[in-house]
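Student: To start, I am sharing the structure in question, which I have written as structure tokens.
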Amino acid sequence: MILVIDGHPFHYEMENLCRVFFPYQKIKVMSVLSQNGEDDQLIYTGLEPLPDGLKISVRVEIGTYRNEKSKTLGLTGCTDEKEQERHMAILLFELLTQYCGFTPKWGILTGVRPVKLLRRLIAEKGEREGLDYFRNRLLVSGQKTDLSLLTMRNEGKILEQSRPESFSLYVSIPFCPTRCSYCSFVSSSVEKTAKLIPQYLSLLCEEIRHTAKVAADLKLRLESVYIGGGTPTTLSAEQMNVLLTVIYDSFDMASCREFTVEAGRPDTITGDKLDTMATHGVTRISINPQTLNDEVLKAIGRRHTTAQTLSAFAMAREHGFGNINMDLIAGLPQDSVESFILTLDEVLRLAPESITVHTLALKRSARIFQEESEPFVSGAQAAEMLDYADAQLLKYGYLPYYLYRQSRMVGNLENTGWAKPGFESPYNVFIMDESQTILACGAGAASKIKDPYSDGLTRIFNFKYPYEYISRFEEMIIRKDQVKTVYDQFCGVSE
Ligand code: SF4
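This is the structure in structure tokens:
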């Protein structure tokens, strides 16, 4: 498919909007000059200056389908580039909706953080006008507007507890027992990289100790700790003990409200690991079935069964874990609406304190993307799954408290974290809202340094892969020292 960009700078937004409708297609973006017209799927977007304003035109030519729309903006309405972009997006949205016979529920929004956008609109325009803009100018469905508003209210309660000196610690364990077919993370399967774990862990502990010194020098206050990955429970109980001990010994944990370990794959959870986590005061664990359909689990390359999920959950309860999250994914290959409903109902029966409902995102780097024979769930089916989940979760007393979107999600839907009141993960809110500093350690991790006095955010990236992290570890320490420099700049020390 060719997307022609003629006389405007909105190529990024137009391409993203095309992806909403054609998530699996290659889209070639061209300027009008280089367009050769040989593709039978062509989308034209153009902006033309007129003596008394601007003309926006959009044309869709796909197979035998031909349609176009245009809009003229008068002098008063044409100076704001954001408005020009919005008008163009609406024309494109209308044509593609007509061609595809499908109305994306998030309207022309393609960004990751719709709730943050809604909060900004409400802050600028007031609640009534902000909601009206979200709904009628950005074409977000009533259902998703309601979900965003509810999420905004719940996350607001968490955000308001954060102080300028607050920060969270993220620790990355980028190893998994096997690689899921939909995975686009940097995680490596243990079969290939197990031998790296001891050295990785020892350097990770060094980075954690160094990070704690940086945080103490800056007088930062630790709010939450999140050990993610990958699958942190690929570590043995002894290795987990080493890691948790280093965190407790290095940081002042008095202000820490959450300590999450993403246990992830049920087949990596054992009694002695749960003991270790319980002894070290881990407050929340995540056990992620993704689905309770064994056929689907096989299809996505997860080497565990539903029975293992159920027994890991029961074992975690026996070890006293009173705050358990479970992750599910809507839109997995070979899943169906009926099977998703059975999964959700069974998970509700277990009554974990929080349930995160993801929608499958088909990233190019994922194996599933290359295996074109996989039967994918349609966008409409994925939407049906989420509709059921949202209604049931509300009915069972869960409330949405963070929400984000990714590109190439089936049906252009969303991921939502639901929790029973009081069991939300502050870390999930802070990382998605980008409103608190996250100091991140380990391969693939990225620290986000938040300016305490403005919306400014500076990212410092660690090396992506464990072998790079190990071989160039000295550079990791130097990068951590940059955190101080960034804070000094935010606070005007260097001026
Ligand atoms: S458990 Fe997560 S990080 Fe590991 S392979 Fe699967 S999707 Fe990737």
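If you count the sequence shown from 1, position 33 lands on 33 in this note's numbering, and the numbers rise without skipping.
Even for Gly, the Cβ is constructed at its ideal location relative to N, Cα and C.
Remember, it's a predicted structure, so these values are computed and weren't measured experimentally.
#1: Any heavy atom of the ligand SF4 closer than 6 Å to the CB of G230?
#2: Could you name the residues that DSSP lists as bridge partners for N67?
#3: CB of G411 to nearest heavy atom of the ligand SF4: below 6 Å?
#4: In or out: N531 buried (at least 16 other Cβ within 10 Å) or exposed?
#5: Taking Cβ to Cβ, would you say T151 is nearer than 7 Å to L17?
#6: If L413 sits next to L386, beta carbons under 8 Å apart, how far is it from one beta carbon to the other, in whole angstroms?
#7: Between G156 and G130, what straight-line distance do the alpha-carbon atoms span, to the nearest angstrom?
#8: Could you work out which residue in M253, R221, A278 is closest to N241 when comparing CA atoms only?
#9: Considering just the uninterrupted stretch of the alpha helix (DSSP H) at D387, what are its terminal residues?
#10: The ligand SF4 and F175: does the residue's C-beta get closer than 6 Å to at least one heavy atom of that ligand?
#11: Could you tell me which whole beta strand (DSSP E) segments of length 3 or greater appear in the segment 248 to 315?
#12: For L169 and L201, which I take to be in contact (beta-carbon distance under 8 Å), what is that distance rounded to the nearest angstrom?
#13: Excluding the 5 residues flanking D327 on each side, which residues of the same chain have their C-beta closer than 7 Å to its C-beta?
#14: Going by DSSP in three states, V225 sits in which element: helix, strand or coil?
#15: DSSP has W418 in a bridge; who is on the other side?
#16: Can you tell me where the beta strand (DSSP E) with T458 in it begins and where it stops?
#17: Can you give me the Cβ contacts of A383 inside the same chain, cut-off strictly under 8 Å, excluding the 5 residues immediately before and after it?
#18: Is it the case that the CB of C183 approaches a heavy atom of the ligand SF4 more closely than 6 Å?
#19: State the start and end residues of the unbroken alpha helix (DSSP H) segment that holds A212.
#20: Which of the three DSSP states is assigned to C78 in this structure?
#21: When you compare only the Cα positions, how much space is there between D481 and R113?
#22: Could you tell me how far apart the beta carbons of T260 and R284 are, in whole angstroms, since I believe they sit closer than 8 Å?
#23: Report the three-state DSSP secondary structure of L360 (helix, strand or coil).
#24: What number of angstroms, rounded off, separates the C-alpha of R209 from the C-alpha of L91?
#25: Can you list, in chain order, the residues of its chain with a C-beta nearer than 8 Å to that of S181? Leave out the 5 residues immediately preceding and following it.
#26: Let me confirm a value: T79 is counted as buried when at least 16 other C-beta atoms fall within 10 Å, else exposed. Which label applies?
#27: Check each candidate in P174, Y487, I269 and name the one with the smallest Cα separation from G228.
#28: Which residues bound the beta strand (DSSP E) around F167?
#29: Do the segment 5 to 20 and the segment 40 to 49 meet, that is, are 3 or more Cβ pairs less than 8 Å apart?
#30: How would you call E495, buried or exposed, if buried means at least 16 neighbouring beta carbons within 10 angstroms?
#31: Within its chain, find whatever has a CB closer than 8 Å to the CB of E295; leave out the 5 residues flanking it on each side and keep chain order.
#32: Is Y99 helix, strand or coil when you go by DSSP?
Tutor: This is what the structure gives:
#1: Taking the sequence shown and counting its residues from 1, one reaches residue 230 at position 230. Within the cutoff, so yes.
#2: Translated into positions along the sequence shown, residue 67 becomes position 67. As a beta-bridge residue in DSSP terms, N67 pairs with V60.
#3: The residue given as residue 411 occupies position 411 in the sequence shown. Using a cutoff of 6 Å, the CB of G411 does not count as near the ligand SF4, since none of the ligand's heavy atoms is closer than that.
#4: The structure shown does not extend to residue 531, since the chain spans only 1 to 495, so no value can be given for it.
#5: The count along the sequence shown starts at 1 and reaches residue 151 at position 151. The count along the sequence shown starts at 1 and reaches residue 17 at position 17. Cβ distance not < 7 Å, so T151 and L17 don't count as in contact.
#6: The residue you call residue 413 lines up with position 413 of the sequence shown. The residue you call residue 386 lines up with position 386 of the sequence shown. With 8 Å as the limit, L413 and L386 qualify as a contact, their Cβ atoms being about 6 Å apart.
#7: Within the sequence shown, residue 156 is the residue found at index 156, counting from 1. Within the sequence shown, residue 130 is the residue found at index 130, counting from 1. A straight-line Cα-Cα distance of about 16 Å links G156 and G130.
#8: Along the sequence shown, read from residue 1 onward, the residue named residue 241 stands at position 241. Looking at the Cα atoms, A278 is the closest of the given residues.
#9: In the sequence shown, residue 387 corresponds to position 387, counting from 1. First-last of the alpha helix (DSSP H) with D387: 379 to 395.
#10: Residue 175 sits at position 175 when you count from the first residue of the sequence shown. No; taking the cut-off as 6 Å, the Cβ of F175 has no heavy atom of the ligand SF4 nearer than that.
#11: DSSP assignment within the segment 248 to 315 yields the following whole beta strand (DSSP E) runs of 3 residues or more, N-terminal first: 258 to 264, 284 to 287.
#12: Stepping through the sequence shown from its first residue, residue 169 is reached at position 169. Stepping through the sequence shown from its first residue, residue 201 is reached at position 201. Your pair L169 and L201 does not check out as a contact, with CB atoms roughly 16 Å apart and the cut at 8 Å.
#13: Walking along the sequence shown from the start, residue 327 turns up at place 327. Contacts found: S286, N288, Q290, T356, H358.
#14: As a position in the sequence shown, residue 225 is number 225, starting the count at 1. It is a strand residue.
#15: Mapped onto the sequence shown, residue 418 falls at position 418. BP columns for W418 point to I355, P400.
#16: Looking up residue 458 in the sequence shown gives position 458. Where T458 is concerned, the enclosing beta strand (DSSP E) stretches over 457 to 461.
#17: On the sequence shown, residue 383 is found 383 positions in, with the first residue counted as 1. The answer, listed in chain order, is K105, G411, L413.
#18: Here residue 183 refers to the residue found at position 183 when the sequence shown is read from its first residue. C183 Cβ: within cutoff of the ligand SF4.
#19: For the purposes of this step, residue 212 is taken as residue 212 along the sequence shown, with counting starting at 1. It spans 197 to 217 - the alpha helix (DSSP H) in which A212 sits, taken as one unbroken run.
#20: As a position in the sequence shown, residue 78 is number 78, starting the count at 1. Of the three classes helix, strand and coil, the one that applies to C78 here is coil, per DSSP.
#21: Stepping through the sequence shown from its first residue, residue 481 is reached at position 481. Stepping through the sequence shown from its first residue, residue 113 is reached at position 113. The alpha-carbon of D481 is positioned some 30 Å away from that of R113.
#22: In the sequence shown, residue 260 corresponds to position 260, counting from 1. In the sequence shown, residue 284 corresponds to position 284, counting from 1. Taking a contact as a CB-CB distance under 8 Å, the pair T260 and R284 counts as one, their CB atoms being some 4 Å apart.
#23: As a working mapping, residue 360 is identified with position 360 in the sequence shown. Correct three-state label for L360: coil.
#24: On the sequence shown, position 209 is the one that residue 209 refers to. On the sequence shown, position 91 is the one that residue 91 refers to. Distance between the alpha carbons of R209 and L91: 54 Å.
#25: Mapped onto the sequence shown, residue 181 falls at position 181. Excluding sequence neighbours, S181 sits near A299, I300, G301, P333, A366, R367, I368, E371, E374.
#26: In the sequence shown, residue 79 corresponds to position 79, counting from 1. So T79 ends up on the exposed side.
#27: On the sequence shown, position 228 is the one that residue 228 refers to. It is P174.
#28: The residue given as residue 167 occupies position 167 in the sequence shown. Element bounds for F167: 166 to 173.
#29: A contact exists between the segment 5 to 20 and the segment 40 to 49.
#30: In the sequence shown, residue 495 corresponds to position 495, counting from 1. Low confidence applies to E495: its pLDDT is 40, below 50, so where it sits in the model is not reliable enough to give any reading.
#31: As a first step, residue 295 is located in the sequence shown; it is residue number 295 there, counting from the start. Q334, listed in sequence order.
#32: Position 99 of the sequence shown holds residue 99. Residue state, collapsed to three classes: helix.
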